[in-house]
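Remarks on the structure that follows.
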Amino acid sequence: MENAQPKKKMSRGKKAGIIVGAILALLIAAVLVYGFVLTRTGYWLIAKFTPDTPEQQLSYTSASDTVRQIAEEGFVLMQNNDGLLPLASTAENPGKINLFGIRSIQMVYNGGGSAASDVTKCTRLEEALEGQNFALNPDLLNVYYNFFNTGEISLEPGKEPANGGASEFITTPDSITIPELPVSAFTDTSLYEDGKTLMEHAKEYSDVAVVVLSRSAGEHADLDVRDLQLTDEEIALLDTVTGTFDDVVLILNCANTMELGFIRDYPQIKSVLWVGFPGETGNLATASILSGAVNPSGRTADTWVTDNLSAPAANNFRELQSDGTWAANSFHYTNVSDNPDVSEILKALGEDVTVRDFFNHYAEGIYVGYKYYETRHDTDPSYDYDAEVVYPFGHGLSYTTFDKKIMAMNVEDGVVTVRVEVTNTGDVAGKDVLELYFNPPYTGAIEKSTVNLVAFKKTNLIEPGATEHYSIEFALEDMASYDYKVNKSYVLEAGDYVISLRDDAHTVVDEETWTLSNDIIYNDEHDGKRPSDQQTAVNQFDSALGQDDYLTRVWDESGRAFTGPLEEDYTADQSVIDALTWTNPTDAELGLTEADMPATGVKLDTTLMLSDMVGVDKDDPKWDEFVSQLTVEEMATLCTSGGYTIGAIDRLGVPLSATPDGPSGMMANAWSGPIMGVSGSGVTYPTEVVLASSWNQDLAQLMGSTVGSEAQALGFSGWYAPGMNTHRTAFSGRNFEYYSEDGVLAGEIAGSVVKGATEKGVICYIKHFALNEREAENRQSLFTWSNEQAIREIYLKPFEIAVKKGGSLGVMSAFNYIGYEWCGGNSALLNQVLRNEWGFDGVVITDSNRYSYMYVDQMLYAGGDLSLDFMAAFKLPGGDDQKNRLLAAAENPDTKVGFTLELQRASKDILYAVSNTWKMQ
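With the first letter of the sequence shown counted as 1, position 111 gets the number 111 in UniProt numbering; the numbers rise by one all the way through.
Take a look at the structure:
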């Protein structure tokens, strides 16, 4: 027998190496599984280093052109005294400009939050001006560059700073304002060897000064009152510039309406150009308007005033402190305990706040924006309109002049047709906006504004001396008011309806009168539903009324409209406390038995694939057959897959749908990209209020079509946009995401965007449905109180138009409550109004579903479909909680029938919308 060889002892170092290697291998395997199996993070990383495809490059070029067109028609020339603009500029003789203001070299191109985008590629103002043959004072540029980059004041050649702003969802805007160059820099005699000051040299360089003032904004935070007023630094800057120059152009780079009374204090400010947030190539339009290459045709989408607190809604926005800031935790119920669950979630996300339950009274009723200012002007002899309003709603100037008049008006078959003649009486070609308003009869039974936009049209480009004719149509029902007290329906009261053609909400050009002899009451007891409705509109929000104390045409300081909440408002009633929790209704309570139990997981003789359902009407029984194939597990998974996606079901050919934010464009950011597995982003469009200021539905539809082309090139089939909420006040941090203070303007423009994108196979999730006009505390059980007239005429109006005319296949519900029900679980809102009245056939998704009051099972019972659940999307601990909650309800003997029915309904809603996307065409 041979001697056995002794075993070699493994060294400790080798053992350690093997262990470390094994751990590394496991970690790498775990990362790969997480990145490519559980989530799509790995695909996102790969995509970040993948060159753009030819299709993406083409869509980018087309979208950039659309951005410029929107800016050219959406920027508003607010003032042009002495015809200062356009400025003379040619290649042979460049116009010289002195640029002032720190924002002249660091503009705001977009806001922060869900609409944030990469703004590094945006065209800079300096570059755009030089492209229009303007010469810019190099000394001023260098001083500003150096100050911004280093804080030093120097004439040495400076490097232009990178474009700033929130480039990703999880960052915040740079700031609402940034420090201005100290005024001492303009009077310093040591900068030049000749002992002259920077301002003296500037005056020698050119007689023209262009000053840029900006305000940034973003999600999660509101703007304080003082944020929309001039800062001390800006006052000093304007004092200095106007003390030297007689010809000053002011560029307003802001989406929220600043207080503009100061313009009256500086006669040297002859021209004012508002550019909102201009987006990718918008500054090309800025330069073209200044040079006269483009004739401006934008009109304001909001009323610009001297004091933003003059709007009655401001008194019920948040609690104002003496220093002009809003108090933290404004308007909270004092008898409701803090919500520790939500507090912990917010703290984990870096939001260290104490969560209470809040309220917000829309006590101004219908008197929002111009409907307040114009009605008060028309009915209160003591009111000084001119002292309060600087630029009315619908205001805008041109480099030419127009003469227009109503040629004829006809009312037939429920349609009003107004024939308008427009003549260009000036020297250059230009576009005009035809704005039609109505003043209804007022008896006091129903509140009514004296001025109401009802229809509008952007003209073609009209050559000098040319005359064109336009027919503008609107439905008689569009002049109905909602009577929430007596008839509890829409009503056209008998009397005279004055239809006026106006230059703006304040300036009448021509008018006609139509007389209605008898009331038309749009309910089943009288004249039937409105022709545009699928079901008669009746009171659905009585629970949201709160105390019936809303602003009427008695313009005094009584009531909460002008004074804010009353003492008793701070005590929540029991219904508020009960609304913070949810219990599913039992089948017995719903009148359901086992006989009503739907079939699930059915094995058909021939499996129906989603491709078989393309083009099939939603009410076709074939859809019920298709949905019956889904198991309860699949449906629960599908209904909780809404974190920037709609989940795939491979066995039925349901593709993964990538659905990015946001209102400023198709954006895969650092938050959504890893979830979707996509890195590409489209262009940054001008902010929504700029598009609204174009007053051009055709241009809006072009934007929707362009966005749709970008989506196809980038692989997206849904879009968390457009933003549809109302500019109730000037202070909401997300006003830049929304169109206007007026629902008709917002709805017509948004509806056209939706139509264009939907035709390209993109699900537009119009948001945030509804009454989501405040950022602070709106994620923390914010109870919103309003009367039904205001809810329908003001806040639901843009959504209604986008659904009825735009054909939207998606809606995103809001965080807040309306009355006693969270919007995402509000059956009156989602079932009765959205689906039954308006005929909506698509998918309703929640807003980010990370707060304890947002019950996913309540969502289903209320007509919602899809939970925007980031925890599930990232496969994080607790990510299955919402799905498991749905499964538990479907397995509970007391609720399984009703809940399974709702799962099938929601799955049908979701998959019907998916079947209409470009991926299924």
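Where a beta carbon is used, it is the ideal one built from N, C-alpha and C, also for glycine.
Given the structure is predicted, the values throughout are model-derived calculations rather than measurements.
Check your understanding: Is there at least one non-hydrogen atom of the ligand GDP closer than 7 Å to the beta-carbon of N93?
Key -> With respect to small molecules bound, the structure shown includes none, and the ligand GDP cannot be examined in it.
Check your understanding: How should H395 be labelled, buried or exposed, when 16 other C-beta atoms within 10 angstroms of its C-beta is the threshold for buried?
Key -> buried
**Study point:** Selection from Q832, R299, L868 that minimises the alpha carbon distance to A862
**Key:** Q832
Exercise for review: Sort Y192, A480, K270, T187 by Cα distance to A236 and report the nearest one.
Suggested key: T187
Exercise for review: State buried or exposed for F402, treating a residue as buried only when at least 16 other CB atoms are found within 10 Å of its CB.
Suggested key: buried
Exercise for review: Rounded to whole angstroms, what's the CA-CA distance from D742 to Q780? Just pull it up for me.
Suggested key: 27 Å
Check your understanding: Can you name the start and end residues of the beta strand (DSSP E) that N410 belongs to?
Key -> 402 to 412
Practice item. Note down the Cα distance separating D265 from N696, rounded to an integer number of angstroms. Key: 34 Å
Point to revise | Whole-angstrom distance between V294 and E511, CA atom to CA atom | key: 31 Å
Practice item. Give the single residue among D224, G151, D139 whose Cα lies nearest to the Cα of I176. Key: D224
Practice item. Tell me the start and end of each unbroken alpha helix (DSSP H) in the region 839 to 899 that is at least 4 residues and wholly inside, in chain order. Key: 856 to 861, 870 to 873, 881 to 891
Point to revise | Rounded C-alpha distance that separates L45 from V538 | key: 51 Å
Exercise for review: Quick one: give me the first and last residue of the beta strand (DSSP E) that E511 is part of.
Suggested key: 508 to 516
Exercise for review: Could you work out which residue in D503, D524, A328 is closest to L397 when comparing CA atoms only?
Suggested key: Closest by alpha carbon: D503.
Check your understanding: Any contact of the region 376 to 394 with the region 548 to 556, i.e. 3+ C-beta pairs under 8 Å?
Key -> They touch, by the three-pair rule.
Review point. What do you reckon, are the CB atoms on S543 and N110 nearer than 8 Å?
Key: no
Exercise for review: In the DSSP assignment, find the alpha helix (DSSP H) that holds G426 and state where it starts and stops.
Suggested key: Note, G426: premise wrong, no alpha helix (DSSP H); not H, not E.
Exercise for review: Compare the Cα-Cα distances from A572 to each of E737, F358, L652 and report the closest residue.
Suggested key: F358
Exercise for review: Name the residue from D596, G426, D307, E468 whose alpha carbon lies nearest to the alpha carbon of V390.
Suggested key: D307
**Study point:** Contact belief for E421 with T459 at Cβ below 8 Å, rounded distance in angstroms
**Key:** With 8 Å as the limit, E421 and T459 do not qualify as a contact, their Cβ atoms being about 11 Å apart.
Practice item. Check whether the Cβ atoms of W326 and A776 sit closer than 8 Å, and answer yes or no. Key: yes
**Study point:** Start-end ranges of the alpha helix (DSSP H) lying completely within the region 224 to 290, minimum 4 residues
**Key:** 232 to 244
Review point. How is G131 classed by DSSP in three states: helix, strand or coil?
Key: helix
Check your understanding: What residue does the beta strand (DSSP E) around R40 start on, and which one ends it?
Key -> Careful: R40 lies outside any beta strand (DSSP E) and carries neither H nor E.
Exercise for review: Would you tell me roughly how many angstroms separate the C-alpha atoms of Y855 and S786, rounded to the nearest one?
Suggested key: 23 Å
Check your understanding: Between V897 and chain D, is there a C-beta pair that is closer than 8 Å?
Key -> The displayed structure is made up of one protein chain only, and chain D is not part of it.
Review point. Taking contact to mean at least 3 C-beta pairs separated by less than 8 Å, is the region 561 to 579 in contact with the region 864 to 878?
Key: No, they do not touch.
Point to revise | Residues bridged to A502 [DSSP beta-bridge criterion] | key: First, the residue type needs correcting, since residue 502 is Arg and not Ala in the sequence shown. DSSP lists E435, V508 as the beta-bridge partner residues of R502.
Exercise for review: Mind checking who A209 pairs with in its DSSP beta bridge?
Suggested key: By DSSP's assignment, A209 forms a beta bridge with N98, V248.
Review point. Is there contact here, the region 760 to 770 with the region 802 to 818, by at least three beta-carbon pairs under 8 Å?
Key: yes
Practice item. Would you be able to state if there are at least three C-beta pairs under 8 Å between the region 69 to 85 and the region 147 to 167? Key: With a cut-off of 8 Å, the region 69 to 85 and the region 147 to 167 do not count as touching, because too few Cβ pairs lie within range.
Check your understanding: Should Q57 go down as buried or exposed, given a rule of 16 or more other Cβ atoms within 10 Å for buried?
Key -> exposed
Practice item. Can you grab the Cα-Cα spacing for the pair S717 / S216, in whole Å? Key: 30 Å
**Study point:** Sub-8 Å separation of E800 and G747 beta-carbons
**Key:** In this structure, G747 lies closer than 8 Å to E800 by Cβ.
**Study point:** Sufficient close CB pairs (3 or more, under 8 Å) joining the region 688 to 705 to the region 135 to 145
**Key:** Counting Cβ pairs under 8 Å, fewer than three are found: no touch.
Practice item. Return the CA-CA distance between G298 and G74, expressed in angstroms with no decimal places. Key: 5 Å
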